[in-house]
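In my numbering, the protein residues as written are 1133 to 1833.
Glycine is no exception: its CB is placed at the ideal position from the N, C-alpha and C atoms.
Values in this document were obtained by computation on a predicted structure and should not be read as measured data.
Everything on this sheet refers to the single structure shown next.
Right, here's the structure in full:
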């Protein structure tokens, strides 16, 4: 039986909806059913509805009713800062007192917590990470758990397996549910849950969960695939087409490097006439907020963004979304295109795929899967016992040799599994045994592979694009939309046309002239390497330079031809390194005296010819290293790889004499981890080199 609002509750809800959407606005049938159910103690509701349907209106109306009836405040677990900002503003329009605790308002945390405990706030929005913070748990959650009026879990699909990739701490929501007063209503919302995830989340909420699932088609979106472009042509296509796309929008890229490079290409071509900015996870929260507002106010034509700009960003009149590279799953793609066309009748959505995307997909498929050996290494480095002093993340990084971002992710995964605990001052081991759940992780990888296959089908245009996305989310109402590029058999006029050859050449020239710095590693890896802690300045390389960064589209053909086999150095590379040296000389600590080559990836001819060319052009001396044994593979951990390079590379006496007291230019063919560069630089410094300046031809992803 569908829940129905009482007349009194209906009037309260109507006041909220009028404040949010204007006179005459009313709750939809499913919205009203959700609000009515949440007005009852111990209710559980899962809402799976399309982006723009109005899921937030449900929890604002339910909050108003609960507060009117004397219940405590609402706690909203929300994933992104942009989402929280928009929701605080929306709550204010609905007449509710709302606040958020996040990284951008640390100075206000104390006053906000006091206001919450004094019942002066109607709504508090927090990130899933805040749930894992021991101080927040002690100060707020423990004191609030018994009197919460409503718990809202936004983007609730992350509570299921998908949360492993998005936010591991989202799985901690189950802890909050366990400790919650059983009479507290719980609302979970998402736009991207297939049948399996829906069943999983509703089971976690409880057997009596009311599931309200609607059609996921977005009639305002005109989906298109612009195929048969090379990675460089994709950049040029955006440069040529961006000025004529409707309104303002988002251009998504798969990597931070792509976002920054494409932004530079657009600015070079159009200047202030087509204002754009790069938006990535590396930006400070204040800068993110500034850019979000600039796009919302149409002061920018587009943000060129990674997935950091995703769920929660609300600009109802967003006119287009372009993807330079296909996301690895229909779930993430549906979420991102869902930013467009929320408050307008028509928005353009274009996907520019390439066969280069598959490599990024393969990386994302396994990047967050824990390595059992690394997990045990981290656990061994953690203190345990009641009297143990907690270990900080930097200390664990130094102890294990693992990258800091990897340590942080692993700690969260171990915490969710109960093997470690975050306490005041750092992390400790709980003593609970951790085992690698191979079947579970195999299942996650298999799911990601299946999702990648769906995106391949989308790119091939096997059937209606909207229908395929709906079917991937188990939407039974899926049918041909009638206006995507597959249904029409053509691209919309504003998306058609090849990029001009002049634009392609201009973009290639600009990007090949960009400078990419190589920051030296500062910590030894410990473990099998036997040495940990800071690398002494007397053994460290200086800041270096990179010619080809990751999968740079302007170099793709060169990488495929010259870095796949040990062939001669192409003229483009020889010209590129000379250009790189010319720009570098304004900032290096000393002019190089001698060139040393290191074929870390086995490309001896390529590396040697580049070193010879630089020696001839720069009138530098030449010297070589001795390499004894097989080069370490990329599948080794940091400590093992660094130890292997230490034994493989040595400095012959004649080279030691050549580098003593002098500045060395170290030419390296390719590296992904930099351990070859770091260890070799230390050998050269030990041999007497005053400065080591690394030049990496290809910084591999």
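Requested in this report: Ignore the nearest five residues each way along the sequence and tell me which others in residue 1325's own chain have a CB closer than 6 Å to its CB.
Outcome: 1180 and 1289
Query - Of the residues 1502, 1691 and 1605, the one placed nearest residue 1569, counting alpha carbons only - result: 1502
Report task. Output the distance between the C-alpha atoms of residue 1673 and residue 1773, rounded to the nearest integer angstrom. Result -> 18 Å
Requested in this report: From the DSSP output, read off the bridge partner residues of residue 1452.
Outcome: 1381 and 1480
Query raised in the report: Can you list the beta strand (DSSP E) stretches of 3 or more residues lying completely in the region 1321-1358, in chain order?
Result: 1342-1345 and 1353-1357
Query - Separation of residue 1200 from residue 1174, as counted between CA atoms - result: 17 Å
Requested in this report: Provide the residue span of the beta strand (DSSP E) that contains residue 1553, from first to last.
Outcome: 1552-1555
Query raised in the report: Taking C-beta to C-beta, are residue 1481 and residue 1353 nearer than 8 Å?
Result: yes
Query raised in the report: Touching or not, the region 1687-1698 and the region 1764-1773, by the rule of three or more beta carbon pairs under 8 Å?
Result: no
Query raised in the report: Which term fits residue 1718, buried or exposed, when burial requires 16 or more other beta carbons within 10 angstroms of its beta carbon?
Result: exposed
Requested in this report: Go to residue 1587, then tell me how far its alpha helix (DSSP H) extends in each direction, as first and last residue.
Outcome: 1570-1592
Query - Bridge partner(s) assigned by DSSP for residue 1558 - result: 1555
Query - Own chain, CB closer than 8 Å to residue 1236, minus 5 neighbours either side, in chain order - result: 1213, 1417, 1418 and 1421
Report task. For my contact list, residue 1221 and residue 1255 are in at a C-beta cut-off of 8 Å; report their separation, rounded to the angstrom. Result -> In fact, because the Cβ distance is near 12 Å, the residues do not count as touching under 8 Å.
Report task. Assign residue 1585 to one of two classes, buried (16 or more other C-beta atoms within 10 Å of its C-beta) or exposed (fewer than that). Result -> exposed
Requested in this report: Would you grab the beta carbon distance between residue 1456 and residue 1484 for me? Rounded to a whole angstrom, and I think it's under 8 Å.
Outcome: 5 Å
Report task. May I have the straight-line CA-CA distance separating residue 1474 from residue 1146, to the nearest angstrom? Result -> 22 Å
Query raised in the report: Closest to residue 1707 by CA distance: which of 1690, 1342, 1154 and 1172 is it?
Result: 1690
Query raised in the report: Under the rule that 16 or more other beta-carbon atoms within 10 Å means buried, what is residue 1380, buried or exposed?
Result: buried
Query raised in the report: In terms of DSSP beta bridges, what is residue 1792 paired with?
Result: 1821
**Report entry** 6 Å CB neighbourhood of residue 1118 in its chain, flanking five on each side removed
**Finding:** The requested residue 1118 does not occur in the structure, where the chain is confined to residues 1133 to 1833.
Query - Residue nearest to residue 1424 in terms of C-alpha spacing, selected from 1216, 1152, 1515 and 1329 - result: 1216
Query - Buried/exposed call for residue 1430, threshold 16 Cβ in 10 Å - result: exposed
Requested in this report: Have a look at 1683, 1261, 1342 and 1665 and flag the residue whose alpha-carbon is nearest the alpha-carbon of residue 1495.
Outcome: 1683
Requested in this report: May I ask you to report which of helix, strand or coil DSSP gives residue 1520?
Outcome: coil
Report task. Report yes or no: do the region 1511-1520 and the region 1550-1569 share at least 3 C-beta pairs separated by less than 8 Å? Result -> yes
Report task. Give the range of the beta strand (DSSP E) segment to which residue 1672 is assigned. Result -> First-last for residue 1672: undefined, no H or E at that position.
Query raised in the report: So, is residue 1139 buried or exposed, given that buried needs 16 or more other C-beta atoms within 10 angstroms?
Result: exposed
Query raised in the report: Do three or more CB pairs link the region 1396-1404 to the region 1655-1662 at distances below 8 Å?
Result: no
Query raised in the report: With distances taken between CB atoms, is the gap from residue 1828 to residue 1812 smaller than 8 Å?
Result: no
Report task. Would you list, in sequence order, the uninterrupted alpha helix (DSSP H) runs of no fewer than 4 residues that lie entirely inside the region 1694-1754? Result -> 1703-1716 and 1736-1750
Query raised in the report: Can you tell me the Cα-Cα spacing of residue 1365 and residue 1703, whole angstroms?
Result: 22 Å
Report task. Have a look at residue 1591 and residue 1604 and give me their C-alpha separation to the nearest angstrom. Result -> 14 Å
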